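Peer 1: Dropping a structure here in structure tokens format, bear with me for questions.
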Amino acid sequence: MKDYIEERALEIAKYIISEKSTVRQAASVFGVSKSTVHKDVTERLPKINPLVASMVKEVLEQNKAERHIRGGKATKMKYKAVSD
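Here's what the structure looks like:
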């Protein structure tokens, strides 16, 4: 694996852990696709640093568990704005 990919994977991991961010948010901050972020943190990161990978996995699992709530809030806001 190339050095810049390892560095990117670690930087993305640090960002996700510190900000409790989603894959989508991390992708926009780092200027890469969601697929790239996901591949970096789920496939590459465990080979580079398993401890950090497990911390990222916890954040992503929490985001996944809360996803339906965030989506519901966004829909509520959308229709509230339309009706006003």
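Last residue of the sequence shown? That's 368 in the working numbering, and every number before it is there in order. Beta carbons: idealized from backbone N, C-alpha and C, even for Gly. From a predicted model like this one, the values you see are computed outputs, not experimental measurements.
Is Thr306 buried or exposed, if buried means 16 or more other CB atoms sit within 10 Å of its CB?
Peer 2: Position 22 of the sequence shown, counted from the start, is the residue given in the question as residue 306. That one is buried.
Peer 1: Between which two residues does the alpha helix (DSSP H) holding Val321 run?
Peer 2: Counted from its first residue, the sequence shown places residue 321 at position 37. Counting along the chain, the alpha helix (DSSP H) containing Val321 begins and ends at 318 to 323.
Peer 1: Can you find the residues in the same chain that come closer than 6 Å, C-beta to C-beta, to Asn347, ignoring five residues on each side of it along the sequence?
Peer 2: The residue given as residue 347 occupies position 63 in the sequence shown. These residues qualify, in order along the chain: Thr306.
Peer 1: Would you call the segment 333 to 352 and the segment 285 to 303 touching, i.e. three or more CB-CB distances under 8 Å?
Peer 2: Enough Cβ pairs lie closer than 8 Å, so yes.
Peer 1: Who are the Cβ neighbours of Phe314 in its own chain at under 8 Å, not counting the five residues just before and after it?
Peer 2: Position 30 of the sequence shown holds residue 314. Once the five neighbours on either side are set aside, the close Cβ partners of Phe314 are Arg292, Glu295, Ile296, Tyr299, Val321.
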